[in-house]
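These notes are about the structure you will find just below.
Residue numbers (our numbering): 1 to 661.
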């Protein structure tokens, strides 16, 4: 096919021009559509690209030419509708989004020379739908702004000069992934290919610690076959062998599987429903000085998490005694999390964010917007596998929109109880438009069926979440590499141990090397509280009165010795009383990981069992001999210690007599 145009881009503002093949091939529902987005300097690049195509490609080509709104256009005056247009002019994004929805795996997006960032959000849609994306290289682009913006999104597959893009398009047009009459992911694979498919899943598990066998096969297969197109592979076994040899391609496939399109204030009516039905109840049930805690699993590049914080800030604006906000946003992809932490987005978000919100919550730099520091510091972005790793706790709202649709039913049945476990009593769960709680009506009650908002119910039989034995390694440490697990029968003893640990294990936090909290485990409010002033998850800033010095000292010693450190008899002043606690700091650093973390555990001495008191007595004696007791006890504490010692001796004597009997 060839394409021609007789006008400059400036005279074709926002128009779409379709070219047809001279050979006039028969129309088929399977043909691919190539969308070419261009602006300043793009007409020359498009001519070079179209001029290098063979006479017949089996694909349709649509040229979308973007014009800067400030540039004068005669055609615009002729065709301008009555009334002023609202919102930014983003024809490439609009077309690419429609193309992705309609053609899915047969959608191909090309970004050529131009200024601005039109097309960046569109290539994200195309890649998420299983299509292929190209960008013109910076050296050949007269104006590299549009290609650069698209490349920064991480959703461009191939970067080449226009002539070489043409050759790649001609090759891709013959691949079965593009030409098949049905989507290849929907077909049943032959036995030999099924074996190769399972081998690829094993490679991913061994390299990244994530078991994708619990995800929907159609999604994974579509991602695999998309990568096969880029590497000219038509045989799945051949691609599996390629993955064994090429670690960078295995990483690329892993990141491809995790691609998830998100946006700011997606489905705006849902945010209005939260303001009307959810936020008021959360605030009403919130104790004084307690933060509002939100968790967004599968956060991707962070737009959903930031949108929720912004909406909550708007709701709290005129409320007295505004509580702090703690946003926990998690994902499996470290590159996506890094983009979320930076909080930098293309100017195209003007189509999603109102001018008032842009003014209040963003700062503009060139052709990009960045979330303000105040909002970013309310958000903690951390790597986590929601299907395997321990969840956050005491959460008021979980927003998990369009994640469950990628999980097979068996995995959904593990994830939904995890949400129930993580939520506060009367906490809320927000799901996507195509998602429901399924069979878990005993755990959640509908609050707003239209917007998929549910309230946590107090279950008579508490639902304990399932955590994989290697979950800490797989979910929190990207550098870790795990051995392939061997199939084993159900270990009921281990399941019972998990249930006991979930109920009786001491509360604590997992912190990184910078001492920022990655996870809260159990009820930690008696020992930690939100820091005054700017929001911070630094554990030292959150320490309650009496804990700071001992906590800093214990972590420093743990880091220096790379061994567990214990401190006993620390008096921590809480909201209503002073507690005497023991503190333990445990180094956590799996093999192969470069990140050093620490597990900080708090043990309320008054709540210890007799057996735990025995262990504590020996630890305290050892610490005293080493000169590492936290402080010299006052007379009142001495009496308590004597009573504790007497109780311990009685317990030991009883244990000896039982043993002799």
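We put the beta carbon where it would ideally sit given N, CA and C, even for glycine.
Just so you know, these numbers come straight off a predicted model, no measurement behind them.
Counting only the same chain and skipping the five closest in sequence on each side, list residues whose C-beta sits under 6 Å from that of residue i.
i: residue 600; result: 508, 509, 585
i: residue 513; result: 596
i: residue 460; result: Low per-residue confidence applies at residue 460: pLDDT is 48, beneath 50, and the placement is therefore not dependable, though the value from the model is reported in the following sentence. Excluding positions up to five away in sequence, the list is empty.
i: residue 199; result: 240
i: residue 396; result: 282, 292, 293, 424, 427
i: residue 141; result: 113, 147
i: residue 511; result: 517, 539, 598
Would residue i be called buried (16 or more neighbouring beta carbons within 10 Å of its own) or exposed?
i: residue 374; result: exposed
i: residue 445; result: exposed
i: residue 576; result: exposed
i: residue 105; result: buried
i: residue 131; result: buried
i: residue 127; result: buried
i: residue 484; result: At residue 484, the pLDDT of 42 sits below 50, so the modelled position is not reliable and the matter cannot be decided from this model.
i: residue 145; result: buried
i: residue 320; result: exposed
i: residue 245; result: exposed
i: residue 348; result: buried
i: residue 338; result: exposed
i: residue 125; result: buried
i: residue 354; result: exposed
i: residue 441; result: exposed
i: residue 493; result: Low confidence applies to residue 493: its pLDDT is 48, below 50, so where it sits in the model is not reliable enough to give any reading.
i: residue 365; result: exposed
i: residue 603; result: buried
Beta strand (DSSP E) containing residue i: first to last residue?
i: residue 122; result: Premise fails: residue 122 lies in the alpha helix (DSSP H), 120-128, not in any beta strand (DSSP E).
i: residue 369; result: 368-371
i: residue 133; result: 132-136
i: residue 61; result: 59-65
i: residue 580; result: 578-588
i: residue 254; result: First-last for residue 254: 247-257, but that is the alpha helix (DSSP H), not the beta strand (DSSP E).
Determine whether the beta carbon atoms of residue i and residue j lie at a separation below 7 Å.
i: residue 307; j: residue 265; result: yes
i: residue 312; j: residue 162; result: no
i: residue 119; j: residue 37; result: yes
i: residue 288; j: residue 379; result: no
i: residue 362; j: residue 310; result: no
i: residue 136; j: residue 117; result: no
i: residue 143; j: residue 41; result: yes
i: residue 531; j: residue 574; result: no
i: residue 243; j: residue 249; result: yes
i: residue 271; j: residue 295; result: no
i: residue 546; j: residue 571; result: yes
i: residue 227; j: residue 253; result: yes
i: residue 133; j: residue 157; result: yes
i: residue 123; j: residue 175; result: no
i: residue 560; j: residue 551; result: no
i: residue 340; j: residue 381; result: yes
i: residue 65; j: residue 166; result: no
i: residue 95; j: residue 109; result: no
So that I know if they touch, is there some Cβ in chain C lying closer than 7 Å to that of residue i?
i: residue 204; result: The chain labelled as chain C is not found in the depicted structure, where only one protein chain is given.
Go to residue i, then tell me how far its alpha helix (DSSP H) extends in each direction, as first and last residue.
i: residue 145; result: 145-152
i: residue 310; result: 303-316
i: residue 281; result: 279-285
i: residue 363; result: Taken as a continuous stretch (DSSP letters only), residue 363 belongs to no alpha helix (DSSP H), being part of the beta strand (DSSP E) at 362-365.
i: residue 539; result: 539-542
With a cut-off of 8 Å on the beta carbons, I'd call residue i and residue j a contact; round off their distance for me.
i: residue 61; j: residue 34; result: 5 Å
i: residue 518; j: residue 538; result: Their Cβ separation, rounded to whole angstroms, is 12 Å, which puts residue 518 and residue 538 out of contact at 8 Å.
i: residue 344; j: residue 370; result: 5 Å
i: residue 208; j: residue 201; result: Actually they are not in contact, since the Cβ atoms of residue 208 and residue 201 sit about 11 Å apart, beyond 8 Å.
i: residue 416; j: residue 398; result: So it is not a contact: roughly 10 Å between Cβ atoms.
i: residue 286; j: residue 335; result: At roughly 35 Å, the Cβ-Cβ gap does not stay under 8 Å, so residue 286 and residue 335 are not in contact.
i: residue 326; j: residue 262; result: With 8 Å as the limit, residue 326 and residue 262 do not qualify as a contact, their Cβ atoms being about 20 Å apart.
i: residue 57; j: residue 169; result: 7 Å
i: residue 346; j: residue 121; result: 7 Å
Got a sec? Which residues, its chain only, sit under 7 Å from residue i by beta carbon, not counting five neighbours each side?
i: residue 448; result: 273, 277
i: residue 455; result: 426, 428, 444, 445, 447
i: residue 405; result: 432, 434, 435
i: residue 220; result: 212, 257
i: residue 164; result: none
i: residue 77; result: Legend: pLDDT at residue 77 = 48, less than 50; position of this residue unreliable, value from coordinates given subsequently. Contacts found: none.
i: residue 554; result: 565, 567, 583, 585
i: residue 391; result: 418, 421, 422, 465
Ignore the nearest five residues each way along the sequence and tell me which others in residue i's own chain have a CB closer than 8 Å to its CB.
i: residue 79; result: Confidence is the limiting factor: at residue 79 the pLDDT is only 40, short of 50, which leaves the residue's position unreliable, though a coordinate-based value still follows. Answer for residue 79: no residue qualifies.
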